[in-house]
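Notes follow once the structure below has been shown.
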Amino acid sequence: MERVERFRKLTNYLKKILDSAEKYIFSKKYYRKCFEEAIYNEDFPSALYFAEKGHLNRYYYEFGFKTAMITRNFQYALDFAEKGHLERNNIYLAKVFLGDSNVIASLDEITLSKKKKIPIYITYF
């Protein structure tokens, strides 16, 4: 009898774990779908919200950054780059397009001191 009760408790516990895992997987798929739909409609505030709320990986932030750069929404590109912890070059690139004078000045100083061009890869256009 005792074994049956322990087995029943264990199965109930495992069912709860599986239910919560299914909800988690469903919510990830839901947030991905909502993110893709928001990007498709160029609704960047909603896309940023779904990326944060759904704990989406870096790929989605990069995709949002590239799409925002292509559509010339540089503030949202900067938000995607900062919140997605993208490379520093992407953040600098968005700030340059926004016209941040501090970044432009620091880029000029870096170019003058090293006498080389800064490797900012513009593969987004």
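Numbering follows this note's numbering, in which position 62 of the sequence shown is assigned residue number 62; successive positions increment by one, without gaps. Yeah, the Cβ is synthetic: ideal placement off N, Cα and C, and Gly gets one too. The structure presented is a predicted model; accordingly, all values stated were derived computationally and were not measured.
Query raised in the report: What is the residue span of the alpha helix (DSSP H) that residue 62 lies within?
Result: Residue 62 sits at position 62 when you count from the first residue of the sequence shown. Counting along the chain, the alpha helix (DSSP H) containing residue 62 begins and ends at 58-70.
Query - Cβ-Cβ distance between residue 31 and residue 50 below 9 Å - result: Reading the sequence shown from its first residue, position 31 is the one you call residue 31. Reading the sequence shown from its first residue, position 50 is the one you call residue 50. Yes, Cβ-Cβ distance for residue 31 and residue 50 is below 9 Å.
Requested in this report: Starting from the Cα of residue 65, find the closest Cα among 80, 39, 46 and give me that residue.
Outcome: Here residue 65 corresponds to residue number 65 of the sequence shown, with the count starting at 1. Nearest to residue 65 by alpha-carbon distance, out of 80, 39, 46, is 80.
**Report entry** Exposure of residue 35, with buried meaning 16 or more beta-carbon neighbours within 10 Å
**Finding:** As a first step, residue 35 must be located in the sequence shown, where it is residue number 35. Residue 35 should be labelled buried.
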